[in-house]
Amino acid sequence: MDVSGILAEHESRSKAIQVDRLIPVEHDLGVLASFDINMLDDTKLRAGQKARDNYLKGVSREGTQLLINELFSLPTTTDDDSVYASLPKTTTILPREKPIPKEKPMTRWEKFAKIKGIQNRKKSRMVFDDNQGEWRPRYGYKGVNNDDQKPWLVEVPLNADPEKDQFQARREEKKERINKNQRRQQRNLEEGAMSDKRKHPQQMRKRELQKALVLSKSSTASMGKFDEKLEGEPKIKGLKRKFDPLVAAAGKEKSKNMDILSRVAKGDTSATVLNVRKAQRAINNSKRTKK
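Just so we're aligned, residue 1 is where the sequence shown starts under UniProt numbering, counting upward by one.
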């Protein structure tokens with residue numbers, strides 16, 4: 001059987017994989033992009049719509065063919081499923097609206113698993129229940145894990161109080177486990193946030209406690225002056241007011257008074273020279289006392 005005619009017809013339909021360009025096309029395989037700066041043919045662009053579309057499709061196909069040729073020249077790795085090409089690092093700097101997301105810090109369990117070489121194995125969400133003969137969730141609502149927590153009979157331990165409700169004890173134990181997991185999750189979030197700021201979480205918690213203690217002390221009527229001091233309480237550092245001595249050199253007092261008079265003569269009513277509202281309030285109070 002002669003199949004040369006069929007092969008020739010098939011070859012005539014297929015496009016050439018070798019594409020020639022006057023100016024070499026630049027490729028950035030990291031983002032699967034190619035940049036062709038060759039000029040387009042104006043006569044074909046000004047032709048009819050059908051001819052223009054065919055011309056643009058041909059140019060796009062040739063550019064894609066060049067990109068595919070470059071991808072096939074990359075080193076590859078073979079897997080059970082298929083063959084993969086290792087893309088190089090990108091060379092084109094693209095603008096971003098948002099900064100690149102930072103790598104999520106590892107939790108305590110992730111650090112422990114990395115040291116011990118423990119690998120997580122993904123489990124299916126649904127589990128077949130042999131007792132009920134149906135597929136049920138592994139956790140959550142109507143989950144398999146809730147069956148042992150809702151028994152119709154609970155054995156009372158030997159050293160336990162016989163009057164204590166064991167069903168209520170199991171519910172409280174479950175609630176405590178949930179609260180413990182939530183506290184661990186919050187601790188991991190705080191440690192991750194502090195690690196981004198390159199600060200130790202224990203030091204940050206200590207500073208927050210000291211800040212809360214200072215605020216609570218200052219909320220009393222005596223501003224914490226007569227409050228009982230706690231063990232290990234830090235000393236509160238406040239602002240110390242500085243007063244001029246009552247008796248000073250004559251030349252210094254003269255220069256100070258002349259400075260005040262010169263400012264008042266110029267009409268300077270700043271707070272450092274004259275408080276107008278305070279002076280007016282003092283005048284009004286003196287008038288009320290005279291009446």
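Where a beta carbon is used, it is the ideal one built from N, C-alpha and C, also for glycine.
In this structure P137 is in contact with G143, their Cβ atoms being roughly 5 Å apart against a cut-off of 8 Å. For the region 113–168, not one full-length alpha helix (DSSP H) segment reaches 4 residues or more. Bridge pairing for F35: E26 [DSSP]. The C-beta distance from L66 to S34 rounds to 6 Å, short enough to fall under 8 Å. For V25, the CB contacts under 6 Å within the same chain, skipping 5 residues up- and downstream, are S34, D36, L66 in chain order.
By the C-beta density criterion, L209 is exposed, having fewer than 16 other C-beta atoms within 10 angstroms. For a cut-off of 8 Å, the C-beta gap from L29 to E70 is around 6 Å, short enough to register as a contact.
CA-to-CA, the gap between N188 and K164 works out to about 36 Å. Under DSSP, T77 shares a beta bridge with Y84. Ranked by Cα distance from L153, the first of D79, E110, R170 is R170. The Cβ atoms of S86 and L74 sit closer than 8 Å to each other. Judged by their CB atoms, I23 and N38 are nearer to each other than the 8 Å cut-off.
For G48, the three-state secondary structure derived from DSSP is coil.
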